Every structure is written in structure tokens, then in C-alpha cells.
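Protein sequence lines correspond, in order, to chains A and B. Just so it is clear: in the first sequence, position 10 is 9 by the working numbering, and no numbers are missing. Just so it is clear: in the second sequence, position 33 is 35 by the working numbering, and no numbers are missing. I have placed the structure first, in the form of C-alpha cells, so that the comments after it can refer back to it.
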Amino acid sequence: RKEVEQDPGPFNVPEGATVAFNCTYSNSASQSFFWYRQDCRKEPKLLMSVYSSGNEDGRFTAQLNRASQYISLLIRDSKLSDSATYLCVASYSSASKIIFGSGTRLSIRP
Amino acid sequence: ETGVTQSPTHLIKTRGQQVTLRCSSQSGHNTVSWYQQALGQGPQFIFQYYREEENGRGNFPPRFSGLQFPNYSSELNVNALELDDSALYLCASSSRTSANTGELFFGEGSRLTVL
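What follows is the structure in C-alpha cells.
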């Protein structure tokens, strides 16, 4: 079983739609969680951290449920520029091990 | 731009050969992590170096080895190449502070093809 699991998609939604991605992690020792974005043939870049209390950054909302070992990302009012692969990330061992999920592909259509 | 540079950007090898990939970390960063990303997959953690010592390793065989130099640049060496080693190899640099906030700064990667 992979340490971090995501629905690979692809999600194909119209511009302006709300889309949600889910992610589960298997290692209860995981300490910190993040969402990264990776554009086609580019390197991954940090999108946002995920806190137990939930956190929001503009149109993006991230949520963590430690009891269920579940992380989510919600994108509201999606834009064409949101088309990318979204990677769920868990870290532990004092950040000496940062584990990526396989990614969820999102395609926004006009 | 992240300030992390990798070389070479592309290379082709044959089975059984050895390869060395290089990474220059962002100024001020003392930690380098290496990842393997196969097509359609997420980056897989290979290992991390902190102040010239290995500081964490993923599920990769010993033929994957690395080095970090006093200037914090790093090398990834792969011996006895196999076809499944074909992938994008990503280097990510961080400071202890940025690593704790999850921010890794990735280079653009070295794309290895093994024939």
C-alpha cells in the first residue's frame, strides 16, 4: 500500500466550477501535510500547507482530518490556469522524509 | 526560478551502465533531497542529504547512492542501470526552516532514458 494515496483523475471540469480532491495517508507518524502543484513537464511547486483547523488561500481551501488520516483540497471558481497535477504530500521524521502521492490531474475547460 | 540547477537535462544510457546526476542547491540551503518521477507518477523519495551526510532514505536499492559536497551541491549516482530506471530525477533543496514548512525548491530535473 502506498504511503500517500490519491485519486489519479483526470478531473475535467468547466471554468467556474468547484472541484475537490481527496488524499489518504497510511503512516500515523506523519507530522505535516502539503499540497503541491505540478504543471506539465515542469517541477512541483508548493501550493499550500494543510492544518488540522483547515486553512484557506484565496480560492483554495485545504483540510486535514488526523483521525481519518485524510486530506482534502477544494478549488472554488476554477480558472483555466488551474489545469495541472495536484500532489498530496506528507512529511515526518523531522522533515527528513517528504512523501508525495501520485497526483491528481485537473483539466479546466472553457 | 528556484535557483536550483540540475545537469544534465537529458541523457540516454544503456542497461548496465552507470550515471551521475548533479544538483546545485539554492543559496543558503544546506539540505538536498533526490526524487525519481516516472511518467504519470508522483515523485518517489530516494534520499536526503544534510550537511554532507545521508539523512533519510526511501525504498531504493543500494545501487542508488549519493554525495553532498561542502558547498551543499549534490550528486546522485546510479549503478547497473535497469530499464525501469528511466524517469525524471528531481533534486530539491531546502533549509531546515523551509523543510519544516514543507517548502522544497525543485530543479527542473534530469530526464534519464535507459535503453
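In this text, a Cβ means the ideal position worked out from N, Cα and C, and glycines have one as well. Quick caveat: nothing in here was measured; it's all calculated off a predicted structure.
Item	Value
Taking only beta-carbon positions, decide if Pro-9 of chain A is within less than 8 angstroms of chain B.	no
Taking beta-carbon pairs under 9 angstroms, can you tell me which members of the segment 55-86 of chain A lie near chain B?	Thr-84 and Leu-86
May I ask which residues mark the beginning and end of the beta strand (DSSP E) holding Glu-2 of chain A?	Glu-2 of chain A -> no beta strand (DSSP E), and no H or E assigned at all.
From the DSSP output, which residues share a beta bridge with Tyr-51 of chain B?	B:Val-34 and B:Glu-56
Quick one: which chain B residues come within Cβ less than 7 angstroms of Gly-102 of chain A?	Gly-44
Could you give the distance in angstroms between the alpha-carbon of Asn-54 of chain A and the alpha-carbon of Thr-60 of chain A?	6 angstroms
Give the interface partners of Glu-2 of chain B over in chain A, defined as CB-CB distance under 8 angstroms, in chain order.	There is no way to answer for residue 2 of chain B, as the model of chain B reaches only from 3 to 117.
Do you know offhand how far Ile-14 of chain B's Cα is from Cys-39 of chain A's?	21 angstroms
For the segment 6-17 of chain A against the segment 7-21 of chain B, are there 3 or more C-beta pairs whose distance is under 8 angstroms?	no
Do Leu-92 of chain B and Gly-111 of chain B have their C-beta atoms within less than 8 angstroms of each other?	yes
Using the Cβ count rule (16 or more neighbours within 10 Å means buried), how would you classify Ser-106 of chain A?	exposed
Between Leu-23 of chain B and Leu-78 of chain B, which are expected to be in contact by the criterion C-beta below 8 angstroms, what is the C-beta distance as a whole number of angstroms?	5 angstroms
Measuring CB to CB, does Gly-18 of chain B end up less than 8 angstroms from Ala-82 of chain B?	yes
Taking just the CA atoms, how far does Asp-87 of chain B sit from Tyr-69 of chain A?	31 angstroms
Does the distance from the C-beta atom of Thr-103 of chain A to that of Pro-43 of chain A stay below 8 angstroms?	no
Does the distance from the CB of Phe-32 of chain A to the CB of Val-88 of chain A come in under 8 angstroms?	yes
Confirm, please, whether the CB-CB distance from Leu-46 of chain A to Arg-36 of chain A is below 8 angstroms.	yes
Could you spell out the range, first to last residue, of the beta strand (DSSP E) harbouring Asp-38 of chain A?	Segment: none, Asp-38 of chain A is in no beta strand (DSSP E) and carries neither H nor E.
So what's Thr-23 of chain A in DSSP terms, helix, strand or just coil?	strand
Taking 8 angstroms as the CB-CB limit, is Leu-92 of chain B close to chain A?	yes
For the beta strand (DSSP E) containing Tyr-74 of chain B, name the first residue and the last one.	Where Tyr-74 of chain B is concerned, there is no enclosing beta strand (DSSP E), given that its DSSP letter is neither H nor E.
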